[in-house]
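Engineer: Numbering follows the numbering used here, in which position 264 of the sequence shown is assigned residue number 264; successive positions increment by one, without gaps. Yeah, the Cβ is synthetic: ideal placement off N, Cα and C, and Gly gets one too. Since the structure is predicted, the reported quantities are computational estimates derived from the model, not experimental observations.
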Amino acid sequence: MLLNSYGQSNIRTISFDIGKNELFGGAELPAEEPIKIVGLLPQEVYRVELFLYEKSESNKPYFTGFYQRPFDMNVDRFEIQLDPLRSGKQYVFSFKYYTKATPVQLRALQLSLNANLEAAIRSNYMYRRNSIVGLQSPSQIRKTLNALMTEGLQNFRHATGRTFDGFSELVLAKIRQIESESLSNARFNIVKRSKEESQRVAYAEKLIQELVELVQSEATQFLSDNMLILREERTTKAMTEQLPGSIPINLGYGFVYWEGDFSNLVYDAAPYVGISIPLANKTFARYLGNASLSIGVLLRNLEFSQIKYSGPFINLPIYAGLGYKTFRIARFHIGGTLLSSDPNSDGQIQLDAAVFGGVSIEFNVWAGFDKKRKR
1 MLLNSYGQSN IRTISFDIGK NELFGGAELP AEEPIKIVGL LPQEVYRVEL
51 FLYEKSESNK PYFTGFYQRP FDMNVDRFEI QLDPLRSGKQ YVFSFKYYTK
101 ATPVQLRALQ LSLNANLEAA IRSNYMYRRN SIVGLQSPSQ IRKTLNALMT
151 EGLQNFRHAT GRTFDGFSEL VLAKIRQIES ESLSNARFNI VKRSKEESQR
201 VAYAEKLIQE LVELVQSEAT QFLSDNMLIL REERTTKAMT EQLPGSIPIN
251 LGYGFVYWEG DFSNLVYDAA PYVGISIPLA NKTFARYLGN ASLSIGVLLR
301 NLEFSQIKYS GPFINLPIYA GLGYKTFRIA RFHIGGTLLS SDPNSDGQIQ
351 LDAAVFGGVS IEFNVWAGFD KKRKR
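(1) What are the start and end residues of each continuous beta strand (DSSP E) run of 3 or more residues lying completely inside the region 281-355, in chain order?
(2) Using alpha carbons as the reference points, say which of Phe-24, Lys-174 and Leu-153 lies closest to Asp-165.
(3) Just to confirm my understanding: we take Lys-325, look at its own chain, exclude 5 residues before and 5 after, and list those with CB closer than 6 angstroms. What are they?
(4) Give the DSSP-derived three-state secondary structure of Ala-108 in the structure shown.
(5) Going by DSSP, what residue range makes up the beta strand (DSSP E) through Arg-157?
(6) Applying the 10 Å Cβ sphere with the 16-neighbour rule, what's the burial state of Ser-360?
(7) Please look up how many angstroms separate the CB atoms of Ala-340 and Pro-312, rounded, as I've assumed it's under 8 angstroms.
(8) Please determine, among Ser-56, Glu-54, Phe-78 and Lys-60, the residue with the shortest C-alpha to C-alpha distance to Arg-47.
(9) Asp-268: buried (16+ other C-beta within 10 angstroms of its C-beta) or exposed?
(10) Measure the CB-CB distance between Thr-235 and Val-355 and report whether it falls below 8 angstroms.
(11) Are the Cβ atoms of Ile-334 and Leu-322 separated by less than 8 angstroms?
(12) Let me make sure I understand the geometry here. Which of Leu-113, Leu-135, Lys-36 and Ile-307 has the alpha-carbon closest to that of Thr-220?
(13) Going by DSSP in three states, Leu-2 sits in which element: helix, strand or coil?
(14) With a cut-off of 8 angstroms on the beta carbons, I'd call Tyr-272 and Gly-358 a contact; round off their distance for me.
(15) Could you give the DSSP three-state label for Ile-18: helix, strand or coil?
(16) Could you name each continuous beta strand (DSSP E) segment of 3 residues or more that falls completely within the region 67-109, going from the start of the chain to the end?
(17) Using only CA atoms, which one of Leu-228, Arg-12 and Asn-364 lies nearest to Thr-163?
(18) At the level of alpha carbons, what is the spacing between Ser-94 and Gln-68?
(19) Please classify Arg-157 as buried or exposed, where buried requires at least 16 other C-beta atoms within 10 Å of its C-beta.
(20) Return the Cβ separation of Gly-134 and Asn-124 in integer angstroms, given the expectation that the two are a contact with Cβ distance under 8 angstroms.
(21) Would Asn-301 and Ile-275 be called neighbours here (beta carbons separated by less than 8 angstroms)?
(22) Give a yes or no on whether the C-beta atoms belonging to Gln-216 and Leu-117 are separated by under 8 angstroms.
(23) With DSSP as the reference, label Ile-141 as helix, strand or coil.
(24) Pop quiz: Glu-218 and Phe-167 are said to be a contact at Cβ under 8 angstroms. What is the actual Cβ separation, rounded to whole angstroms?
(25) Quick check on this structure: which residue in Gly-296, Ser-305 and Ile-314 has the alpha carbon closest to the alpha carbon of Ala-378?
(26) Can you tell me the Cα-Cα spacing of Ala-270 and Gly-245, whole angstroms?
(27) Buried or exposed: which applies to Trp-258, given that a residue is buried once 16 or more other Cβ atoms fall within 10 Å of its Cβ?
(28) Going along the chain, which residues of its own chain have a beta-carbon closer than 8 angstroms to the beta-carbon of Ile-121, five neighbours each way excluded?
(29) Beta-carbon within less than 8 angstroms of Gln-177's beta-carbon, same chain only, minus the 5 sequence neighbours each way: which residues are those?
(30) If we count the other Cβ atoms within 10 Å of its Cβ and call it buried at 16 or more, is Thr-283 buried or exposed?
(31) Pick from Arg-107, Thr-160, Asp-225 and Glu-233: whose alpha carbon is nearest that of Gly-19?
(32) When the Cα of Ile-247 is compared with those of Ser-305, Pro-278 and Gly-254, which residue comes out closest?
(33) Nearest to Thr-102 by alpha carbon, out of Gln-350, Glu-54 and Asp-225?
(34) Determine whether the beta carbon atoms of Leu-85 and Thr-240 lie at a separation below 8 angstroms.
(35) Between Ser-5 and Ala-31, what straight-line distance do the alpha-carbon atoms span, to the nearest angstrom?
(36) With a threshold of 6 angstroms on Cβ separation, who are the neighbours of Lys-60 within its own chain once the five nearest residues in sequence on each side are excluded?
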């Protein structure tokens, strides 16, 4: 989340028209800044969820958020604040509206969960020789039961925001107990057992029934009288504005180390000019966005031990390295310089490299001057 660096008054409001199923009046959305989605909140709606995807709903959500009506207050609009969106991208907005579930709907939910959980448990076991064998491992069958709960509850929400965290360790222990019990050599599926079942088969049925009742009990405990149910869903697409790119230009003063230690240091210094290529977009990667790969030239030749050094290609020393921007306009550089010299004055050019460091003031030169940011 990058919203802390923005004041609330600077966050732009984007309206969602549920009737037209349209965002921002169909205009392009702001990019690289936080925005706030607002829309109508019908009286019977208690929760609105927003799932935001890049390109299509088949991808993992780029952002999820929700608005919950506070304390049954008479509020007619919802607000959901978003992280900044990327420039020139298409996004899919999926709005889900939840109302209070009726007793009939809650009862139907409970019966459906109970039936599905029991079916999954009973279909997992069969008799084999002297034991009950599970088709899935204890941890896997618990995962299956958790998945059934998640699927069964996908259209329901707790009014308190509570989520189902999975069945307890007690359930896992009961599953392990079932598979550790010793039975007769009879081999047939429990569901298809005969009426004249043995005492051991009856005992096995008792263990499985206990597991069914335990799982159903934990499922029922999660449900509540004030649960919400999905009432409406609206999906719409929107493009973000294409922001003009910029080229960071650096004007600074650098030092080139040649040899020696602090008591006998050989170095030279010169002004330099260059460009920096950020390693990431600062809006989405705060620290890496300040780092860059930088390249440029020193604006005069250097001299070490009475030998003059220029550079290849343009007869000026070339530098390259890493940069890091601080205080908004200052960028520090560390890297190397590529130097050329003719130490013997015989036309034999020699290339050398030396350590470079400097500090510069950075200016952004915008590329695409015909593009203006919408405000």
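Structural biologist: The relevant details are as follows:
(1) 291-298, 302-304, 307-309, 318-326 and 330-341
(2) Leu-153
(3) Asn-290 and Arg-331
(4) helix
(5) 156-158
(6) buried
(7) For the sequence presented, residue 340 should be read as Ser rather than Ala. Indeed they touch by this definition, with Cβ atoms about 5 angstroms apart.
(8) Phe-78
(9) buried
(10) no
(11) yes
(12) Leu-113
(13) Any reading at Leu-2 needs caution, since the residue's pLDDT is 42, under 50, leaving its predicted position unreliable; the model's value is listed next. Coil, per DSSP.
(14) 6 angstroms
(15) coil
(16) 77-82 and 90-100
(17) Leu-228
(18) 16 angstroms
(19) buried
(20) 5 angstroms
(21) no
(22) yes
(23) helix
(24) 6 angstroms
(25) There is no way to answer for residue 378, as the model of the chain reaches only from 1 to 375.
(26) 30 angstroms
(27) buried
(28) Ile-141, Leu-145, Ile-208, Leu-211, Val-212 and Val-215
(29) Leu-207
(30) buried
(31) Glu-233
(32) Pro-278
(33) Asp-225
(34) yes
(35) Legend: pLDDT at Ser-5 = 45, less than 50; position of this residue unreliable, value from coordinates given subsequently. Looking at the two C-alpha atoms, the distance is approximately 16 angstroms.
(36) none
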